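A.B. asks:
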Amino acid sequence: MTQTAHEFHVNVEDLQYSVTELLAEASPLSKQVIKQAMQKGCVWLERGASTQRLRRAKKTLKIGDVLHMYYNLSVLKQSVEDAILIDDKSSYSVWYKPYGMLCQGSKWSDHTTINRFVETHLTPQRPAFIVHRLDKATSGLIVLAHSKSAVRELTNAFEQRNTAKTYQAIVHGDHSQNSQPQTITREIDGKAAISHITCIEYDSVNDYSLVEVAIETGRKHQIRKHLASIGLPIVGDRLHGEEEVRATGKDLQLCAIYLKIPCPNSKTEKEYNLPKQYQLKL
Numbered sequence: 083m084t085q086t087a088h089e090f091h092v093n094v095e096d097l098q099y100s101v102t103e104l105l106a107e108a109s110p111l112s113k114q115v116i117k118q119a120m121q122k123g124c125v126w127l128e129r130g131a132s133t134q135r136l137r138r139a140k141k142t143l144k145i146g147d148v149l150h151m152y153y154n155l156s157v158l159k160q161s162v163e164d165a166i167l168i169d170d171k172s173s174y175s176v177w178y179k180p181y182g183m184l185c186q187g188s189k190w191s192d193h194t195t196i197n198r199f200v201e202t203h204l205t206p207q208r209p210a211f212i213v214h215r216l217d218k219a220t221s222g223l224i225v226l227a228h229s230k231s232a233v234r235e236l237t238n239a240f241e242q243r244n245t246a247k248t249y250q251a252i253v254h255g256d257h258s259q260n261s262q263p264q265t266i267t268r269e270i271d272g273k274a275a276i277s278h279i280t281c282i283e284y285d286s287v288n289d290y291s292l293v294e295v296a297i298e299t300g301r302k303h304q305i306r307k308h309l310a311s312i313g314l315p316i317v318g319d320r321l322h323g324e325e326e327v328r329a330t331g332k333d334l335q336l337c338a339i340y341l342k343i344p345c346p347n348s349k350t351e352k353e354y355n356l357p358k359q360y361q362l363k364l
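With the numbering used here, you'll find the sequence shown wraps up at 364, consecutive numbering, no jumps.
1) Using the Cα positions of ALA119 and HIS193, report the straight-line distance between them to the nearest angstrom.
2) Just checking my contact of TYR249 with LEU336 at CB under 8 Å: how many whole Å lie between their CB atoms?
3) Under 6 Å Cβ to Cβ from ALA87, same chain only, skipping five residues before and after it: list those, please.
4) Classify ILE145 as buried or exposed, calling it buried when 16 or more other Cβ atoms lie within 10 Å of its own Cβ.
5) In the DSSP assignment, the alpha helix (DSSP H) including ILE196 goes from what residue to what residue?
6) Go ahead and pull the three-state DSSP assignment for ALA139.
7) Does DSSP put VAL233 in a helix, in a strand, or in coil?
8) Please state whether the Cβ-Cβ distance between SER175 and PRO346 is less than 8 Å.
9) On the CB-based measure, 16 or more other CB atoms within 10 Å of its CB, does GLN242 come out buried or exposed?
10) Based on the DSSP secondary-structure assignment, which residues constitute the bridge partners of GLU294?
11) With 16 as the cutoff for other CB atoms within 10 Å, does VAL306 come out buried or exposed?
12) Mapping the DSSP letters down to three states, classify SER221 as helix, strand or coil.
13) Taking only the alpha-carbon atoms, compute the straight-line gap between LEU184 and ALA165 and give it to the nearest angstrom.
14) On the CB-based measure, 16 or more other CB atoms within 10 Å of its CB, does LYS247 come out buried or exposed?
15) Taking just the CA atoms, how far does ALA108 sit from ASP170?
16) Within this structure, are the beta carbons of ILE212 and LEU364 separated by less than 8 Å?
17) Short of 8 Å in beta carbon distance, which residues of its chain neighbour LYS141, apart from the five on each side in sequence? Order them along the chain.
18) Going by CA-CA distance only, name the one from ILE196, VAL115, LEU158, THR245 that's closest to THR350.
19) Look at TYR178 and LEU226 and say whether their C-beta atoms are less than 8 Å apart.
20) If we ignore side chains and look at the alpha-carbon of each, how far apart do VAL157 and GLU103 end up?
21) In the DSSP output, what is GLN264 paired with across the bridge?
22) When the distance is taken between beta carbons, is ILE343 closer than 8 Å to GLN304?
23) If you draw a straight line from the alpha carbon of PHE199 to that of GLN259, how long is it in whole angstroms?
24) Would a C-beta distance cut-off of 8 Å place ILE276 and HIS257 closer than the cut-off?
25) Using DSSP bridges, identify the partner residues of GLU351.
26) Taking the Cβ atom as the reference point for each residue, do LEU292 and LEU362 lie within a distance shorter than 8 Å?
27) Using alpha carbons as the reference points, say which of SER229, SER112, LYS122 lies closest to GLN207.
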C-alpha cells in the first residue's frame, strides 16, 4: 500500500469474525499489520454514542458496532526520542519531553504522544492524562496526572495560573544590550500576555543570545511571538521568524527548564528544574 492516507469503515453485522479479520477483509492489509497499527492508535471502535481507540485485537464486538481504521503508513512510521522521567509521585509524574513529541494524538495515531509513551513505559503502569501542553517543537518539563483527582487539581492550577514556568530560548540577535530583565506586555489574539526576558549569554560569532523567559500567562506561541516582536526571533522558528531565519534548518530552540506546581499529594508547592544535560547551550 502506498504511503497515502486510507480510511476503512466496517459495520459489524456478524459476530463470528474478529476485529482483525473484519479489517483485513475490508482492506489490503494483513492481520499482523493491522495488529501493529492498532497499537499505534489508528483503529477506533464506535459503539452507540461512544467512539474510542481500539488496541485489543481480541476485543469482543457487538452487532451494530462500527470499526474505523485510519491508515497512513508515513504517519505510523514516525518516531521520536524517548521521554525522560524526572520524578514519579504516584498520582502524577514529571518528564522531559523531547523535540517532536506530541501532547495530543489524531485519528491517525497517538504513538508519538507523551501520554502514550508514559502509559507504556512508566512502572507500575497507570493511565496518563495531559494537564498542560508543550508545542511539538518545544522540549522540556511537562507534568502528567495519573488519577482523576490529580487531573482536577493540576488542571485547575494551570488554568488559575497557580503555577510558575520558565523557558530557555536561543534567539537571533544580541539581547544583552536590552534592559534586564525585559518585560513584554504585547497582547496576543486580543488577550493579555506577559513575558519577562533575561539574557544569560551572548555569542557574538553567530549573533545568538541564550535567554530565559518567565511567563505570567500562557497564550498560544506566546514566547515565540513576543521574542519575534522585539526583533529577536527564536532560532528554528519557522512560523514567526523572518525568511532568512527559517532557512537555518535548525529545530526550534525553545525549552521549558523550570516548573513550580501545587503538589496534589502534599498540598505544598513543588519545584522542578530540568537537569543541565537537557538544557539548551550556545
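Backbone N, C-alpha and C define an ideal beta-carbon position, used for all residues, glycine too.
These numbers come from a predicted model, not from an experiment.
C.D. replies: Taking the structure as given:
1) Computed Cα separation, rounded: 10 Å.
2) Between LEU336 and TYR249 the Cβ distance is about 6 Å, and since that is below 8 Å, they are a contact.
3) Closer than 6 Å at Cβ, skipping near neighbours: ASN154.
4) So ILE145 ends up on the exposed side.
5) Going by DSSP, ILE196 is part of the alpha helix (DSSP H) stretching over 196-203.
6) In this structure, ALA139 counts as coil in the three-state DSSP scheme.
7) In this structure, VAL233 counts as helix in the three-state DSSP scheme.
8) Cβ distance not < 8 Å, so SER175 and PRO346 don't count as in contact.
9) Taking every protein chain shown into account, the CB of GLN242 has fewer than 16 other CB atoms within 10 angstroms, so this residue is exposed.
10) GLN250, THR280.
11) Residue 306 is actually Arg in this sequence, not Val. It counts as buried.
12) Note: SER221 maps to strand in three-state DSSP.
13) Each residue's CA atom was taken as its position, placing LEU184 and ALA165 some 11 Å apart.
14) When all chains shown are included, LYS247 counts as buried.
15) ASP170 and ALA108 have their C-alpha atoms some 43 Å from each other.
16) No; because the gap between Cβ atoms is not below 8 Å, this pair is not in contact.
17) Answer for LYS141: VAL101, LEU127, listed in chain order.
18) Nearest of ILE196, VAL115, LEU158, THR245 to THR350, Cα basis: THR245.
19) No; because the gap between Cβ atoms is not below 8 Å, this pair is not in contact.
20) So the alpha carbons of these two residues sit roughly 23 Å apart.
21) As a beta-bridge residue in DSSP terms, GLN264 pairs with ILE279.
22) No, Cβ-Cβ distance for GLN304 and ILE343 is not below 8 Å.
23) If I take the Cα positions, the gap works out to 42 Å.
24) Taking C-beta atoms as the reference points, ILE276 and HIS257 fail to come closer than 8 Å.
25) In DSSP, GLU351 forms a bridge with PRO344.
26) Taking 8 Å as the Cβ cut-off, LEU292 and LEU362 qualify as a contacting pair.
27) Nearest option by C-alpha distance: SER229.
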